[in-house]
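Going by UniProt numbering, 136 is the number at position 136 of the sequence shown; the sequence numbering is gapless. Glycine included, C-beta positions come from ideal geometry on N, C-alpha and C.
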Amino acid sequence: MSGGFSGAGLLKVFRPPIPIILNLSGWTLVSEPKYCLIEPFTVSTEHRYWDLLEAPLGNSYNHYDSLFGKMQEVSRKCPMITTLYTIGKSVAGRELWVLSFGKVPNYHVPGVPEVKIVGNMHGNEAIGRELILRLAYLLCINYGSDEFITLLVNYTQIHLMPSANPDGFEISNEGRLVCSRTAVF
1 MSGGFSGAGL
11 LKVFRPPIPI
21 ILNLSGWTLV
31 SEPKYCLIEP
41 FTVSTEHRYW
51 DLLEAPLGNS
61 YNHYDSLFGK
71 MQEVSRKCPM
81 ITTLYTIGKS
91 VAGRELWVLS
101 FGKVPNYHVP
111 GVPEVKIVGN
121 MHGNEAIGRE
131 LILRLAYLLC
141 INYGSDEFIT
151 LLVNYTQIHL
161 MPSANPDGFE
171 ISNEGRLVCS
181 RTAVF
């Protein structure tokens, strides 16, 4: 099995050992105690993980408009597994964008695990936003051709928010320091 590594044994996806009962306005949803087995899989280095270095992301940090444009590009390339939505506006009025990946990216499906990855909490912490953008490309370009990525997207709802603080990033310029009594920004 050259060019990859094998998942050890079976990957088990467990549900809780006792039923979970949710009462949603008169409706009761019961999660049955069970687990499902996913057959062993192989992660291949022959797929396009390494193409991310040459992805159309550039060699510099993406400012707000560029970042949003690249999120739109990913959403256009993979419309069946992505949706782009906003969770509100920043103090300066910029939209706070989230790119969601999943088999049903527009809805919260009961029983499907969800994760949200948020970057750029502080204006001068820019590397997270670039890594999240590269993760979005990785999920998009490898879906359907890489078994692990396909399983991940099909069985998990992944919300990617590259920038929680677009205002801070836009005012933080290289070489410019803003100091307060407790921090340097």
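Notebook entry, point to check: So is Phe169 buried or exposed if we call it buried at 16+ other beta carbons inside 10 Å?
Noted result: buried
Notebook entry, point to check: Which residues mark the beginning and the end of the beta strand (DSSP E) in which Lys70 is found?
Noted result: Note, Lys70: premise wrong, no beta strand (DSSP E); alpha helix (DSSP H) at 64–77.
Item checked: Cβ neighbours of Tyr61 in the same chain (closer than 6 Å, five flanking residues each side left out) -> Excluding five sequence positions before and after Tyr61, the CB atoms of its chain that fall closer than 6 Å to its own CB belong to Ala126, given in chain order.
Item checked: Through-space distance from Met161 to Phe139, alpha-carbon basis -> First, the amino acid is wrong: residue 139 is Leu here, not Phe. The alpha-carbon atoms of Leu139 and Met161 are separated by roughly 14 Å.
Notebook entry, point to check: With a cut-off of 8 Å, does the C-beta of Pro162 fall near any C-beta of chain C?
Noted result: No chain C is part of this structure, which consists of one protein chain only.
Checklist line | Residues bridged to Ile117 [DSSP beta-bridge criterion] | finding: Leu160
Next item on the list: Could you tell me which residues DSSP pairs with Phe101 in its beta bridges?
Entry: Here Phe101 is bridged, per DSSP, to Thr82, Ile158.
Next item on the list: From the DSSP output, in three-state form, read off Glu147 for me.
Entry: helix
Margin query: Bridge partners for Glu95 per DSSP, in chain order?
Written below: Lys89
Next item on the list: Have a look at His108 and Gly102 and give me their C-alpha separation to the nearest angstrom.
Entry: 10 Å
Notebook entry, point to check: Whole-angstrom Cβ separation of Thr156 and Val112, contact assumed at under 8 Å?
Noted result: 7 Å
Check: If we ignore side chains and look at the alpha-carbon of each, how far apart do His122 and Ile158 end up?
Finding: 22 Å
Notebook entry, point to check: Once you ignore the five residues that flank Tyr143 on each side, which residues in its own chain have a CB closer than 7 Å to its CB?
Noted result: Cys78, Ile81, Ile149, Thr150, Val153
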